[in-house]
Amino acid sequence: MDGLSNAPYRYIETRKIAGALGAEVHGVNLAEPLPPEVLAEVRQALLENLVIFFRDQDMTPDRLLAFARNWGEIHRHPYIAGMPGYPDVLELAKKAGDTRNFGGDWHTDQMFAPRPAMGTMLWCKTAPDAGGDTLFSNQYLAYETLSDGMKALIGTIRGIAVGDKKKNGQTRAAVNAATVSGYTTLEAPAEMRRSPHPLVRTHPETGRKSLYIGGHVHYLENMTEEESEPLISYLYNHSQRPDFTCRFRWEAGSLAFWDNRCTMHFAINDYPPGTRMMHRVTVAGDEPF
Ligand code: SIN
8 MDGLSNAPYR YIETRKIAGA LGAEVHGVNL AEPLPPEVLA EVRQALLENL
58 VIFFRDQDMT PDRLLAFARN WGEIHRHPYI AGMPGYPDVL ELAKKAGDTR
108 NFGGDWHTDQ MFAPRPAMGT MLWCKTAPDA GGDTLFSNQY LAYETLSDGM
158 KALIGTIRGI AVGDKKKNGQ TRAAVNAATV SGYTTLEAPA EMRRSPHPLV
208 RTHPETGRKS LYIGGHVHYL ENMTEEESEP LISYLYNHSQ RPDFTCRFRW
258 EAGSLAFWDN RCTMHFAIND YPPGTRMMHR VTVAGDEPF
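One point on numbering: in our numbering, the residue at position 99 of the sequence shown is 106, and numbering is uninterrupted.
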């Protein structure tokens, strides 16, 4: 082994793209149903690498949904309408006149829901000539590099993740309207608007602990926003350390699949007036513990 590959696989080939997380997976055609033995290796590659990338995939909304359903039910976004005929597939289209982008802060998906999305699949239809990369961060490392004192302190605290308001006070509808043209914002049910989650969660498959501090966390349970802010800021900044991250360069046909239970991500908005079009599906997850 050369340090860039994972433990040997029989049906797929993986190549790490960074030290902390992220690997390209080769030898798989996601446009067709995957045989169980191949699927088992893709599952293993996700658990080992936290985010996996596939190149040159000829996807349609139906194919994307079929691939996602291998991991369970689909988690429908409560705030944004899906594509016509595909309520479970979001089209993220940043066009020449759009100044903001979707996902342009460090976050983990649908954290405001009581059972946040387990994973996200994002397929690139159109990529800008340069820019529009996505950053990912390994939240196992973010937790493991904290001091024992900090681990003990945050081990019993829950953060309140809020979905209908950004931290700067803007409403979700205003952010959506300013972010991507052509969005239809939905009225989310009350139970999808804010949820308490532990700051440290245990991955249900690997048993490892990770920091759970996405940008949706507004305050800490039983504390005021002012009291919560220093600890949230410290943990949020720590979770983004460059040595915890990888950066993925998109091409048309690329597909990323990330595990929201142990990663965060950030869509870089550095390509005006370029266009970028993505299709996104999220898989339902468990209640974090
Ligand atoms: C997202 O935050 O889900 C979108 C990420 C991206 O467009 O790169």
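Beta carbons are placed, not taken as given, at the ideal position from N, Cα and C, and that holds for glycine.
Apart from the 5 residues on each side of it in sequence, residue 211 sits with its Cβ closer than 6 Å to the Cβ of 293 in its chain, given in chain order. Taken through DSSP and simplified to helix, strand or coil, residue 150 comes out as helix.
Contact annotation: residue 218 and residue 242 have beta-carbon atoms nearer than 8 Å. Uninterrupted beta strand (DSSP E) stretches at least 3 residues long and entirely within the region 53-127 occur at 58-61 and 97-101, given in chain order. Residue pairing by DSSP puts residue 287 in a beta bridge opposite 97 and 129. Between residue 18 and residue 45, the CB-CB gap stays under 8 Å.
Collapsing the DSSP output to three states places residue 271 in a strand.
Rounded to the nearest whole angstrom, the CA to CA distance from residue 158 to residue 66 is 42 Å. Within the region 210-272, the runs of beta strand (DSSP E) at least 3 residues long that lie entirely inside it are, in chain order, 216-218, 224-227, 252-255 and 262-266. Residue 22 sits in a strand when the DSSP states are folded into three classes. Classified as buried, residue 101 has 16 or more neighbouring CB atoms from the shown chains inside 10 Å of its CB. In the DSSP assignment, residue 167 falls within the unbroken beta strand (DSSP E) covering 165-169. Residue environment analysis places residue 71 among the buried positions, since at least 16 neighbouring C-beta atoms fall within 10 angstroms of its C-beta. The residues 16, 17, 18 and 19, in chain order, have a CB closer than 8 Å to that of residue 48 in the same chain once the five nearest residues on each side in sequence are set aside.
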